[in-house]
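Chains as they are written, first to last, in our numbering: chain A, 250 to 894; chain B, 36 to 715.
Ideal placement from N, C-alpha and C gives every residue a C-beta, glycine not left out.
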Amino acid sequence: MKKPLTFLLFILIAQAGLGQLEYSGLLIADELKADANAVILSKEVDFKVRSDKSAIKRTKEIITILNPKGDKFATFLIVYDNFRKPGCFRGTIYDSWGNRIKKLDKDDLKDESYNSGSLYEDNRMIYYEPLITKYPYTVSYEYEVVYNSLLFFPIWQAQPSYNISVKKSVFKVIAPEDYSFRYKELNVNEPVQISSSKSDKIYTWYEHDLPAIKKEPLGPYISEITPTVYTGPGTFIISGMKGNMESWEGFGSWIQQLNEGRTGLSESTISDIRKIADGSTSPAESIKKIYEYMQSRTRYVSVQLGIGGWQAEKASVVDEVGYGDCKALSNYMMSLLKAANIRSCYTLVKAGDDVSDIQADFPCLQFNHVIVSVPLQEDTIWLECTSQDNPCGYLGDFTGDRYVLTVDMDGSKIARTPALSKHDNTQIRIAEVELNDLGEGVAKVTTEYSGWQYDHIQNILSESREEQKKWIYGDKDIPGFEIKNFSFEDNKAQIPSAKETLNLALINYASRSGKRYFLPLNLMNKLERLPKNTKERKQDIVLRYAFVDIDTIYYYLPPSLEIEYQPEDVTANSEFGTYHSSVNSSEDTIRYIRHLEINKGRYTPDKYPQLLEFYTTIVKADKAKMVLIESDGAIGTEGLEGLRD
Amino acid sequence: MKDTIMPILFFALFFLLITEQQMYAQNSPLKLGKIDMDILKMEHYPEDTSEGAVILSDFGFSQLKYYEQDGFKLEFQRHVRIKILKKKGYEWADIQIPLYKSQSKEERIITLKGYTYNLVGGKVEKYKISKKDVMTEERNQYWNIDKFTMPNVKEGSVIEYQYTIQSEFFFNLNDWQFQYTIPVQRTEYWVKIPEYLIYNKNMRGYVPLTVNDQTTELSSITYANRQRVSTVYETHTTFEYENIDYHTYVYHYVAENLPAIQEEPYMPDIDNYFPKMEFELSFVQFPNSTRKDYTKTWDGINDLLLLSSDFGNQLNRKNYANEMLGEVQAITDPLERTIAIYEFVKKRMKWNGVRSIFVTSSLRDAFQEGSGSSGDLNIMLTALLRAADLDAKPVLVSTRDHGFILPTRPSISQFNYVICLVNVDGKNYLLDATDPFCPVNLLPSRCLNYKGRVIDPDGGDWVSLTPKTSDKKIISISLEIDEEGSMTGNISINRYGYAAYNFRKKIKKEGSQEDYVNRLESDYPGLHVSSFGFENLDNLYSLVKTEYDITIEDNAEVMGDLIYFSPIFFNRIDDNPFKLEEREYPVDFIYPSETTISFTFNIPEGYAVETLPESTAFKLPENGGLFMYNISQLGNTISIASKIKLRQTWFNKEAYPHLKEFMSLVVAKHAEQIVLKKKP
């Protein structure tokens, strides 16, 4: 290995001329190039607390882009608002040899509104996208972000994503000695080094030579694997409002202070609520009725304005205009409950159906959504206020099963939203298929979706019939069919469910070969693909959803066909779940049952072959076909006459 | 005296302005703020099954209005009334209005008023919005977005809003879209433009117009020249009036009861199907000033572009690439020289995603930067080819999402993209340097849109953009089946044209060849690839060859003395993409395709063929496509040849049932099984 390197160096020096070798992507060690689309050659982030309401973050980074998939790491982007403003900026782009191609300053940056999908927001962004065709190339950026509040302490993650390696990365927090700065380390190779300079304390994290992490199917989030440091403020001031983040309680009181006095309602609304409360026999009933009242009077409009997007719009305004964002609608719901003398909590959550949980033991900004919780004696009722359809008390996979912060005047605290068990997340199907002697059939299929499997079809329920029909055609995994009729029934229970009834014509369902017909037993719930095979699995296996699917399919045979072959029952048991398929038949009826249960869980990487084996068994069993044979005397048919050339 | 004269003068001025206003004004058929009970009570829109909302009335009026201080300004007034039927229609209550800006000038909303009406306990409740409810987002250098939200919207609400946009950009006369993704009960547009401005009109798509009028009115404006007169006793202002008479062109369109437009699979971009009246500024000539031409004939456009500093002038700029040009001089074969230059530009330049027909600043800058728009890259390509003595010309294109071009309506704004045409030995080649995977004469699918306009000093012309190349695959599979039903053998696939292009892109997307093979294994559970080889991934001018040695564990089932299996397990069409009974819009496959698969299966010793699928062949009408399936047996070897060819790429509503049936027959044939039986 030594020889080629010396040789390469020679070429480099010859080619580079005045190029700077430290910026050349050609000298990167193979270990850092493996699985990498880009390499962070060096990154230094200094976060300096300047006063109780101001901080500055200085970043210096040099990143080599190895291939087109790494281009996204070359893009410079800062999102800013009234609380975070970009300061100085300097950038340089280098070619493979480390020669400077382009020098950048602030004038080269584009300044545009940052459109995250919100209707109203005051976030803006500055960005620059170097478009380079020759790889590797290197970008170097030096920039500042000035904070006029200490609310926003950074979360430092050594590898921002998969497929990027790190040669050297340093994170520093510089804070006055008496400032109660806090941090939490995860996966760091070297713990913090603390030093002093004048009246400041300097906290330094240093990571080097981190190979790129390749994304593995069903793996954990990158933030759970790479060195990560959460940091959080002690006291902070934002728009004149003082807060303390050292405990969730402190942060909770700040949120409460922010939304103080914003619960006033109009007289007529208050009297509506009193009527509802008086007509109800239990608090639970009142809550349900008030929730439905709120749903009928409002709709969700995304707004990202105001104090860092933290303050809720006044309830009286929502009362007047009938719309708001999650904060406004939650605050409105709480105000309505208050009018009925029901105490409720403003509840902060990190929402998303594919996000890692918050660090519940480390208070800092980790939330992006607000819901309402109502503590009752026996139970807590959770209310998602941005949906007009959501059943009262139901949280889908957007906010369910995770840590949240409930804000309460008697002390804010971390709580956990309910998780549904696999027996709540079900898909139960019963189908009856009547086959004719051409292997075609008519089917009546009834499927009930519950819990998080209900989330999958919830949006369809309110669509027009035309749209529903299109959805059925796209969603149902049957090779050829026509919809004769269909209906949906919505059951908004606390664990909601919906029933789908389909009347279908199956075209060419059992394929013919000579006098035999091959009848696929699994009508429409086949597992057809496996997770990608990774030869040496490194990461844990994370199964995020537990569920149960049961398909029971009856096939009624015409007299012209009899059973020649019936596949064996298949059973697979594993710690990931269980699978069982069984076939029973009489002369003219076949009953096929498929029962699949998947458990939620986290498993060590060495279990991956077992998981694949489990899935492979299912894929194979799901293909099972019954062989039917024409009884003597039946006549074969030619289906293709019409179009035959 | 003063006291009596001034009111008269003021009155006169007021009167004049009023008459002028009335002469111009065109009123919405509905009165803002007044609502019918019936409409509030309506629960379903009878014409349609409930799309969430219905536009009851959409009224627009564009005019050129004269202001004494500032001269003419373009004003667009719109009054919309929408019935919200279902929650999914709520999005129609969030309104966003894009406003153009350039340098110090910007379009502004000068008036806005709106209401939400709800029926509560038999009574109408009314909520108002006004200009103060508008929020402006400064999207970027060119666009502001004004936004507002209608209050208290519920199922059953009726919303309406009326606004006026004032603009100094004469070229930005508002186009009128007639149809939306929700039904429209009535839509009406008026345009009144003085003879000083001439616009070309384009009707895109089809909509039955109940009114389609074009008339002329006589108009006049009155200048009031102020004069301050001072005498010994007093100072006062006098007015002198000057009248100018002119013609106003009046366009008036009405359409009624239009259904919603909905997206369907394999549909060309939905935007193409929103019927629209478009206006393009052709020339401006005010009295006593010189005429300013915009565009009007294809020849005019040709000449205009050739003279333009960000188009035609750039075609001679080449010095930035002298070094390369020196090197290619040695290549005597003109086609090879073309390829060398084309590959050079693709390697050197990266497309920044911007679709444009113009050079952004200069080709030298773009070259230094190493990136640019479609205009930068392809005009550079054209310029460099010309510098190397090749007959290259720029070709204007409208990309697929930008709509079909109308050759009968000369205008530059029909185009948003430029590519390059080279003629070598009498043969035309089309080139687009924005996509590194395109060889000469293969265009990215965004460009495959009807016709392009060649810009040429010897006179422009049309060139067809219909693809000459197809998506072609030839697959040969040879497998040995053993008594356990496991199959071993090899697959070789040759990909040509778009198949090779798409495959190269796919490998790039997967990251590496290994990743691709891993993906293949998980897409075909039971398939194990023991070794593989890919050829010509980097050589764009050759077919891509792939070879795999494979075993397949679970394709064949063994039961008792029978073995049965689907012979077509690879590249099988197992699902008919066309499921809807009928279809409103054409199916567009973009380019033709052809897949040929030939199999040989060697069956195990001691087994005989029990049944084989039958050979068959069928065609689409007018030779649009064909499917062939031939099966034969010789000793222990079964051979199958399956071919699907779609020559036709565009299937309209009438041809759709044939296509659907064709695909369903292919699916059925591909699902058929072979049965083997152990010899006694």
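Counting along the chain, where does the beta strand (DSSP E) carrying residue i start and finish?
i: residue 133 (chain B); result: 129-137
i: residue 178 (chain B); result: 178-184
i: residue 692 (chain B); result: From DSSP, residue 692 (chain B) is part of no beta strand (DSSP E) but of the alpha helix (DSSP H) over 691-705.
For the alpha helix (DSSP H) that residue i lies in, which residues bound it at each end?
i: residue 335 (chain B); result: 333-342
i: residue 195 (chain B); result: It is not in any alpha helix (DSSP H) - residue 195 (chain B) instead sits in the beta strand (DSSP E) that spans 193-202.
i: residue 281 (chain A); result: 279-282
i: residue 664 (chain A); result: Careful: residue 664 (chain A) lies outside any alpha helix (DSSP H), inside the beta strand (DSSP E) at 662-665.
i: residue 76 (chain B); result: 72-76
i: residue 715 (chain A); result: 714-724
i: residue 497 (chain B); result: Where residue 497 (chain B) is concerned, there is no enclosing alpha helix (DSSP H), although the beta strand (DSSP E) it sits in stretches over 496-499.
State the CB to CB distance for the pair residue i and residue j, rounded to an integer number of angstroms; the pair is presumed to be in contact (CB under 8 Å).
i: residue 454 (chain B); j: residue 487 (chain B); result: 7 Å
i: residue 666 (chain B); j: residue 711 (chain B); result: With 8 Å as the limit, residue 666 (chain B) and residue 711 (chain B) do not qualify as a contact, their Cβ atoms being about 14 Å apart.
i: residue 469 (chain A); j: residue 855 (chain A); result: At roughly 15 Å, the Cβ-Cβ gap does not stay under 8 Å, so residue 469 (chain A) and residue 855 (chain A) are not in contact.
i: residue 619 (chain A); j: residue 576 (chain A); result: 5 Å
i: residue 594 (chain A); j: residue 656 (chain A); result: 6 Å
i: residue 567 (chain A); j: residue 558 (chain A); result: The pair is not a contact, with the Cβ atoms about 17 Å apart (cut-off 8 Å).
i: residue 313 (chain A); j: residue 294 (chain A); result: So it is not a contact: roughly 18 Å between Cβ atoms.
i: residue 496 (chain B); j: residue 533 (chain B); result: Wrong, their Cβ atoms sit about 26 Å apart, outside the cutoff.
Mind checking who residue i pairs with in its DSSP beta bridge?
i: residue 592 (chain B); result: B:599
i: residue 290 (chain B); result: B:222, B:244
i: residue 672 (chain A); result: Answer by DSSP bridge pairing: none, since residue 672 (chain A) is not bridged.
i: residue 664 (chain B); result: B:651, B:677
i: residue 383 (chain B); result: In the DSSP output, where bridge partners are listed per residue, residue 383 (chain B) has none listed.
i: residue 634 (chain B); result: B:512, B:675
i: residue 828 (chain A); result: A:821, A:845
i: residue 211 (chain B); result: B:312
i: residue 646 (chain B); result: B:710
i: residue 840 (chain A); result: A:803, A:833
i: residue 525 (chain B); result: B:513, B:584
So what's residue i in DSSP terms, helix, strand or just coil?
i: residue 563 (chain B); result: strand
i: residue 312 (chain B); result: strand
i: residue 418 (chain A); result: strand
i: residue 877 (chain A); result: strand
i: residue 332 (chain A); result: coil
i: residue 421 (chain B); result: helix
i: residue 56 (chain B); result: Confidence in residue 56 (chain B) is poor, its pLDDT being 39 and thus under 50, which makes the residue's placement unreliable; the coordinate value appears in the next sentence. Helix at residue 56 (chain B).
i: residue 584 (chain B); result: strand
i: residue 817 (chain A); result: coil
i: residue 889 (chain A); result: Annotation note: pLDDT 35 at residue 889 (chain A) (below 50); position unreliable, no value reported.
i: residue 659 (chain A); result: coil
Under 7 Å Cβ to Cβ from residue i, same chain only, skipping five residues before and after it: list those, please.
i: residue 607 (chain A); result: 599, 615, 652
i: residue 349 (chain A); result: 341, 343
i: residue 782 (chain A); result: 861
i: residue 307 (chain A); result: 295, 393
What does a CB cutoff of less than 6 Å around residue i pick up in its chain, not counting 5 residues either side in sequence?
i: residue 223 (chain B); result: 94, 289
i: residue 405 (chain A); result: 420, 478
i: residue 590 (chain A); result: none
i: residue 493 (chain A); result: 484, 499
i: residue 226 (chain B); result: 97, 286
i: residue 145 (chain B); result: 199, 201
Within a Cβ cutoff of 8 Å, which residues of the same chain sit near residue i, ignoring the five residues on either side of it in sequence?
i: residue 692 (chain B); result: 617
i: residue 250 (chain A); result: In this predicted model, residue 250 (chain A) has a pLDDT of only 38, less than 50, meaning its place in the structure is not dependable enough to derive any value.
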